[in-house]
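Here the structure is laid out as structure tokens; the discussion comes afterwards.
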Amino acid sequence: MRRRAADYRRPVRRRLSYWICLLFSFFFILASVSVLFIIQHNHHHHQDPPLPYSLLERNARVEHFAKESLNFTEEILSVASFSRQLAQQMILAKAYVVIAKEHNNLHLAWQLSSKIRSCQLLLSKAAMTGEPVTLEEAEPIIKSLTALIFKAQDIHYDIATTIVTMKSHILALEERANAATVQSAVFGQLAAEALPKSLHCLNVKLVSDWLKMPSLQELSDERKNSPRLTDNNLYHFCIFSDNVLATSVVVNSTVYNADHPKQLVFHIVTNGINYGAMQAWFLSNDFKGATIEVQNIEEFLWLNASYSPTVKQLQNPDSQTFYFGLYQDVSADPKMRNPKYLYLLNHLRFYIPEIYPQLEKVVFLDDDLVVQKDLTPLFSLDLHGNVNGAVETCLEAFHRYYKYLNFSNSIISSRFDPQACAWAFGMNVFDLVAWRKANVTARYHYWQEQNADGTLWKLGTLPPALLCFYGLTEPLDRRWHVLGLGYDLNIDNRLIESAAVIHFNGNMKPWLKVAIGRYKPLWDKYINQSLPHLQNCVLS
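Each residue of the sequence shown is one higher than the last, beginning at 2 in the numbering used here.
This is the structure:
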């Protein structure tokens, strides 16, 4: 009878292991499989449970990791690290702590909790010191945890109870994971919106130069009337930004890669706060003879609430409360609360013909990009009567009109194709003659008024642009404009190298600490690190 009971209990334990493995695959697909397989194997051979995987092989790999600075996130995800093995066993042990307490086996729960604390201390030490967990540190903990997990499994073989416990534990972990995801998004958005201390320092020093050096203001007055600013035989670029260093990188990378930099004219518009800093920077530095104009948006008196529905909406108290109120809806998407949507500079791209009434063609550039090729050939492209030349982004299915606009509203569904291809804002060729003929700005005003209640699209400048330039956009070769360097870690190097413009769209801007390290040198190379203010503020 004893033998039959033992024979009966073994398949029960095997079924228990199967369910535990299935449930924990929600978090670690490979983790529990390896641990439970070894536990079963050791039970049948009545031996002390050995360490999972070859420790000698792992130790050799750990020594390889130690030669470089440790990225703990990569370390804990690596199949060749002890940190991952410890984390996997710790997760499994935590589940058995709950089961042990429910069965009133407090001694086993205490033993497991003790080993879990040891795991946590060891992982915390690795994260703080930047050194990987070694064989000598991991071996005793992994051995003892494996033995305790086997003991817990051998005692608590009630499959129904275990499954219910595991499910509740997974639901609790899922809730914590969701909360952590929301918190991470909020912190990421805050990091993206904040002005780094180094850039603030640079602005302060430049404003001081502007105020203390009358010669700069005199030089600015002289250049305001330069005939080059309206000469359509030259190549005109416009940039709307409040970030001095970012704008400088765009200008510097454009002139550096131009075949004839003296034929380039840059039209920069900033706000009143940064106007002095922007003027001081571009008047004090030479950009290979290129002409640079800096304007203050606050001097555009024609751009007011009576003319522009956008200005009227941005001045709306409800909009101000949504972005800056003390009591904000925590369930709202943090990305949608970015104050840049309340920033008139961000919408200035729809008023380019009004700002530059004498120009016929311009290239619009965002301030978070780097130019790698000569852009002057853009001006000779045939747009076939269209207003906007842009790179389409619908190679992926989700970059189509239906993803940006509310097609449940008949105003949208009756006029636009939901499968129409979206395109990228940030590097665009605008034929201003065709723009004025099609009266695109009036279209923009119409759609802004239609969306006063926010039902046609959420926020941003791309959705109204898709409406305004519908049927007026000429697709450009994809190599003119490569996007995603502010969020995508896996862009093909060959695509980046072939790109005329690389765009750091996303929260991980190259001037922030959260920048993607792989791409940041592409931006850094266009900063003149010998300038005194940069050495004092940014580089230090």
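Just so you know, even glycine gets a beta-carbon here, dropped at the ideal spot from N, CA and C. Please read all numbers here as calculations on a predicted model, not as lab measurements.
- The beta carbon of A306 is closer than 7 Å to those of V312, K313 and Q316 in its chain, skipping five residues each way along the sequence.
- C120 places its beta carbon less than 8 Å from that of I142.
- Contact annotation: the stretch 425-439 touches the stretch 475-489, with at least three C-beta pairs closer than 8 Å.
- The DSSP-derived three-state label of Y488 is coil.
- Going by C-alpha positions, T130 is about 46 Å away from I269.
- By the C-beta density criterion, P511 is buried, having at least 16 other C-beta atoms within 10 angstroms.
- Separation of N347 and E294 (C-alpha to C-alpha, rounded to the nearest whole angstrom) is 19 Å.
- In the structure shown, I528 falls within a coil segment according to DSSP collapsed to helix, strand and coil.
- For Q184, the number of other beta carbons within 10 angstroms of its own is below 16, and it is reported as exposed.
- Within 10 angstroms of the beta-carbon of L376 lie 16 or more other beta-carbons, which makes it buried.
- Each of L370, W424, E137 and L384 was checked against the Cα of Y520, and the nearest Cα belongs to L370.
- In the displayed model, H268 falls within a strand according to three-state DSSP.
- Taking 8 Å as the upper bound for CB-CB distance, N275 and V251 are not in contact here, some 15 Å apart.
- Y352 and C202 have their C-alpha atoms spaced approximately 32 Å apart.
- With respect to the 8 Å criterion, G518 and N506 are not classified as neighbours on the basis of their beta carbons.
- For Q154, DSSP assigns no beta-bridge partner whatsoever.
- A distance of 8 Å or more separates the beta carbons of A96 and K102.
- Burial is judged here by how many other beta carbons sit within 10 angstroms of a residue's own beta carbon; W211 has at least 16 and is buried.
- The DSSP assignment places complete beta strand (DSSP E) segments of no fewer than 3 residues inside the stretch 182-257 at 236-241, in order along the chain.
- The alpha-carbon separation between I413 and L302 amounts to approximately 33 Å.
- 8 Å or more divides the Cβ of T255 from the Cβ of V441.
- Collapsing the DSSP output to three states places V312 in a helix.
- A straight-line Cα-Cα distance of about 49 Å links L235 and T182.
- Rounded to the nearest angstrom, the gap between the Cα atoms of N286 and E498 is 28 Å.
- Taken through DSSP and simplified to helix, strand or coil, I517 comes out as coil.
- Secondary-structure assignment with DSSP links R401 through a beta bridge to C422.
- At the C-beta level, P465 and Q449 come within 8 Å of one another.
- Nearest to R229 by C-alpha distance, out of Q264, C239, V205 and D260, is Q264.
- Listed as beta-bridge partners of A391 by DSSP are P476.
- Around the beta carbon of L93, 16 or more other beta carbons sit within 10 angstroms, so the residue counts as buried.
- Under the DSSP assignment, E498 falls in the alpha helix (DSSP H) whose first and last residues are N494 to S499.
- The beta carbon of A423 lies closer than 8 Å to those of E393, T394, C395, H400, R401, Y402, K404, Y405, L463 and L467 in the same chain, with the five residues before and after it left out.
- Collapsing the DSSP output to three states places K289 in coil.
- Beta-carbon to beta-carbon, E361 and N233 are separated by about 5 Å, close enough to satisfy the 8 Å threshold.
- G386 has its alpha-carbon roughly 10 Å from the corresponding atom of K438.
- Under the three-state reduction of DSSP, F505 is assigned to coil, being neither helix nor strand.
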